[in-house]
Amino acid sequence: MENCSLLKIQKGCPLQITWNGSEECFKKHEKKIYSALSNGEISWKRQDQKSPYPLQICFKPKFVPFKEELVITPTEEPASISSIAFFHVYFIYVESADEYRLKVRPEISEWFATLNAIENSQWFIIFDSGRAKEKKNRGHVMEKIKSDFARFLDRLIEMNEQNEKISLEFVQLTLSTALDNFIASHENYFLKLKTSFMSDGAWNLARLINQQVHICRIYWSLSLFENVLALLDELDLIITDILNKVSEKSSDNLPAWYLNLKELSFGEFCPFLRVFMYVDCVTETLDLITMRTFVLAQQILCSFFAYNFRLKSLSYKITEDEKFQQLASNFASFIFRYVLQCINRISDDVHILNISTCDVYHEIWTVILSIDAFDLCDMLCTLETIDSGVIYFGQLLYHRCLSLSSIFNKISSNGFNKDGIIKWLDFILNDSSSENLLTPNVIKFTKTLADEDPEKFREYYKDALLDGFRLFEKFHWTRLGDFIRNLLIEFFRHSREEERIYEYLSHLIEDLLKDFHNSKFLLECCHLLLSNFTSYIEKDPELFFDCLLILVVNDAENSEEIFNELIPKIKNSETKIQRYNFAPSKTVFPFRIKKVSPCFLEAVINTSIRFEASIDYALPFALSNCKIKFAFKKLSKSTLDAGLNPIFSSSLGTSDSTFRFACVSKGLLAKELDLMEYLQSSIHKCEDLLIFSTDSDDILLQSGHNRFTLRGETSRMGCYLLNHIEITVGDSLVFLLHYQQEMDSQSGLENILCSVGVRMPSVSLISADKSLFSGVAQRISFNVSAGTIPINEETKLHVSVFGKNKIMEFLNEKNKWEKEAEIFIKPLASEESYNVDVFLCLAIDRMNYSANQALKVQHKVEVKWRDQSWTFPLNFSPIMSLKTMTSVLEDRVLFEVDIQRCDGQSNMFIQPINAEILQHNSVVKPPMEAKLLNPLLEPILENSSVRIIWQIPVTKIDKTVPIKHHLKLLYQVEWDENKPKNENGAIPQCAFDREYVFEEDLTFCIHKAEYEVCAQVLSEHPQTVLCRAESQCDLLISLRSLANRPEYIIVVVETDPEYWTSVERFKIVQIKESGIGRTSFGIIPKQVGFLPYPSIYIHKCNATDHN
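Sequential numbering from 29 applies to the sequence shown in our numbering.
Listed below in structure tokens is the structure:
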């Protein structure tokens, strides 16, 4: 505000103080008096108590030499502030009483006589006693001065080195008294003028205005700007009140000033607000508009000074933005209120004075005044920051548009002469100094108005209405906006040239589309364009399409015919029309993505993918000849971060229960880039896209929900992300939807990913859940697939056991059983597969397999092919179950092996070939072979079992020492000739072409017989010999100890669950002194037939020395 030109206008005057006497003394004490006046900032308490609190005044004191005409004299019309002094000071600087008597007394007597003759004059005398004190004459000089001014001792001030401070209260009191007297005289005179306008024939309104302005200048000089504004507001009301009262007189009794005001009306020249800010008073030949403009100019100028003063006086530290936010907004609203009040006063005055011949001048003055007000507001703040005074701004803008409309209608009428207007605006049109006083906007309006070319004012009028309409829409003033809308519609309808009308109308719609695409005015303009100017559609099909969308969305009932007529022309025009869902919305964007299913697409290269998508179409009429494409682009970190808004993640720590919140991506809005340019480039400049489209190029999109299928070929390998959707209508109309924008606007959408890969060569196990048999050759089948890339040469497939336990063998290409096998694979075409049979044999590696196949063993097979490896688990069940036991018969020890068939194959049998047991009881001697008691080995049929018995060689080793025995069983699998062969069954043909061996190292002690056992099964009915199935029998066990000593032993009965169910398993039996013991167990037979006896085991405690 320091550089504001308005603040350079001088309205206030410095407060003058006269000095007389010794110049040397004056210069010595001048600064001290300034200090006594606080350098122009003091508190003034009005004596008339018009102000309830002291006024903090700020002024510029000025010392001037004493002149008689500067003394305030009581006259009828008080003097101005620039022509008087408020108080007077006389300086005395002498050495002796004689010097005072001869040189000072004559002059001070004359000075005192002048001031004493005037009532309420304010003065005081300063005596510097420094020289007199040096000569020791201070007392004599002081006596002389007091003698001369005996009645005014309170106005004598002595100054010396010991007392350099003058009385601050006295100086301020002197100034306050002078101000009170001076202002009271002016106010009394103004009151006299205000009350005598009805009785005084020589009374003049200009004199009243000038007197109040003089009072305002006094307050202005004291920086009391709020008081000035209050006085100007009072003056404005007094003028209106006087005009109302005088107008009630009869026409014969009207005073001259009133008739002159009515006759001059709007004056000879247009009064400009800025010009009258430099004017201090008005002439008696006053016209109405000059009078009101002058008062308004003083109000606005004082407002600027008050704003600047308030801005400087802010004591707390705030930023510049905070200063200009509220304070500037308040003062801008003051200006709008004053201007609007002035316009309303003029309208009232015109009605009171009954002036009827100045309409066009009134409207021109209103427009100029409103333009000036808007320019003044721009010096304080922008229109967007106005809050409290926005209603005044709206009304002022309305007056401006209304006056412009009236001016336009008058000068557009036939026979209108501009000569009077040009003469009235002569100051702007012909005076070069106007450019320094007036704003460019005011000069532009006046010169455009006076221009001979009517098109210039026509264009100015249209632009002014558009500006007004934008502002009304922005502040949501609907009724005022409708008023401007009607003016614009009327403006276009009365235009005669069709091409010019189209040009104006198209520019208007383009301007409205930038900000107000939902206004009623835009709707009417679109209807006007589409109804009357369809022949221009090829010039700008985009504009017609935008208008068509607006019309269809807002007035669907009356737009179907226009839509069906124009949409074929638009979609087949030569100009390509593109619409983006992320661009600033000129019109409604009619499409929205609702769903894409599935969210993850997976395929191999050069194959076809299909998925479904749903799109909502917002227009009420169907759209034909549509083609839809979905474009996927390569996935990268930048594409994942391409969302507009930030992405957040939250987590709760399991260890410390701390909640964490993080920003994963800031989004595009947080980056310093042109968002529109970035999104457009991501659509048009993206390479290596995967395109999926609908099968038909003539899809009909109905209003509402549309579902369709898209297909495409995967021509490139990689991971892709859905980038955008392209909906093409006809040849020229294209809608582009950036998918990230759709995701930001709809919470239910997810990223759509497409993975396109190459299918690598693979090996899979056929019937992986099938259980195999151990102890016999088996067949497994692998499916070998070439994948996407063909294999043009023969390759090897390597099969082996996975792990360290190498008890599995494979049949190789040479028909030999080895630990590994290599199989040759023929050349394969792309995606061709080939089945490979692999023969393997897993030896039985353990005893006591379960007879009901409940126990299975898993081994893994490793397959290697084309630098890849696969591991497949295989489950094995034994083809036969083996169980061993030892028996002692007198002095012989028997070893028994029970072999049970577990495979359930009826067309084959197992033929034992050889069975042997070798006893290793010495590291020096060779092992001893046990005697096979049943050398004729019988075949093992389906679901049957056999027992092989050996007699263990006698050894001298202690019976408590375990002895190692090696069991070896050689057997072969053979077809049953009485039953048909099944070469494709569970047992392959190669299983019958080899021998199998079971080997096991057993370690057990060779005991001597200690008990004789006799077991007998008794039925529940003593008279019967046979047991009944499912009925309990008793197993009676009798024991005789060969040692003939009493003891307690444990008898255990174990049964085969297929034959028997044991009710009890353990019994403690007492061996008596006779060596005899007896017990019984309850058992239940499960089958009918000759059943094997349950096994009986005897356990005893080996005593120690202390137990």
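Built from N, CA and C at the ideal position, the CB exists for glycine as well. Nothing here was measured: the structure is a model prediction, and the numbers come from that model.
Closest by C-alpha distance to residue i, when choosing among the options
| i | options | result |
| --- | --- | --- |
| V916 | S652, F359, Y1125 | Y1125 |
| K834 | P1113, K847, T816, T823 | K847 |
| H1035 | S1047, L922, I529 | L922 |
| Y532 | E487, I211, K992, H752 | E487 |
| L997 | D583, Y564, I945 | I945 |
| K831 | E890, E1002, I851, F867 | With the sequence shown as reference, residue 831 is identified as Gly, and Lys is not the correct amino acid for it. Nearest option by C-alpha distance: E890. |
| V122 | K164, S398, V92 | K164 |
| Y530 | L540, K502, I565, W393 | I565 |
| V367 | I380, V388, F402 | F402 |
| Y1039 | Q1017, F1026, I1065, Y489 | I1065 |
| P106 | F300, H214, L203 | H214 |
| I383 | S331, E291, L355, T474 | E291 |
Span separating the alpha-carbon of residue i from that of residue j
| i | j | result |
| --- | --- | --- |
| K844 | A1019 | 12 Å |
| F94 | L257 | 34 Å |
| S20 | P674 | Since the first and last residues shown for the chain are 29 and 1135, residue 20 lies out of range. |
| P1122 | T1107 | 15 Å |
| L314 | Q369 | 20 Å |
| R320 | L259 | 15 Å |
| Y645 | F763 | 12 Å |
| Q979 | E966 | 19 Å |
| L870 | E822 | 29 Å |
| L411 | I399 | 13 Å |
| K36 | A325 | 15 Å |
| V1136 | N48 | Here the chain comprises residues numbered 29 to 1135, so residue 1136 is not present and cannot be evaluated. |
| P855 | Q896 | 17 Å |
| A206 | I100 | 9 Å |
| E1075 | P954 | 41 Å |
Helix, strand or coil at residue i according to DSSP, with G and I counted as helix
| i | result |
| --- | --- |
| F444 | coil |
| V169 | helix |
| W505 | coil |
| Q84 | strand |
| H555 | helix |
| Y1087 | coil |
| K1095 | strand |
| W285 | helix |
| L1064 | strand |
| H522 | coil |
| G295 | coil |
| L1148 | Outside the shown range of the chain (29 to 1135) lies residue 1148, about which nothing can therefore be said. |
C-beta neighbour in chain C for residue i, strict 8 Å
| i | result |
| --- | --- |
| V323 | This model lacks chain C altogether, as it is built from one protein chain only. |
Sequence-distant residues of the same chain with beta carbon closer than 8 Å to residue i, five excluded per side
| i | result |
| --- | --- |
| T988 | C1033 |
| V1116 | A1057 |
| L329 | L34, I37, K39, M305 |
Close Cβ partners of residue i (< 7 Å) along its chain, the five nearest in sequence each way excluded
| i | result |
| --- | --- |
| R735 | E640, S642 |
| E630 | S783 |
| E754 | K657, A659, V762, L764 |
| K1007 | S934, N935 |
| D583 | L551 |
Own chain residues within Cβ distance below 6 Å of residue i, not counting five before or after
| i | result |
| --- | --- |
| E69 | C86 |
| A690 | S677 |
| L43 | F87, P89, F114 |
| L1070 | E1038 |
| Y608 | L764 |
| K340 | none |
Those runs of the beta strand (DSSP E) which lie wholly inside the segment 898 to 931 and span at least 3 residues: 908 to 917, 920 to 929
Completely contained alpha helix (DSSP H) runs for the segment 204 to 229, where each covers 4 or more residues: none
Runs of alpha helix (DSSP H) wholly within the segment 571 to 626 (minimum 4 residues, chain order): 588 to 599
Ordered list of alpha helix (DSSP H) runs contained in the segment 760 to 830, each at least 4 residues: Whole alpha helix (DSSP H) segments, 4+ residues: 767 to 773.
Length-filtered (3 minimum) beta strand (DSSP E) runs lying within the segment 986 to 1052: 991 to 1003, 1023 to 1032, 1039 to 1046
Contiguous alpha helix (DSSP H) assignments of at least 4 residues, all confined to the segment 315 to 403: 316 to 340, 348 to 381
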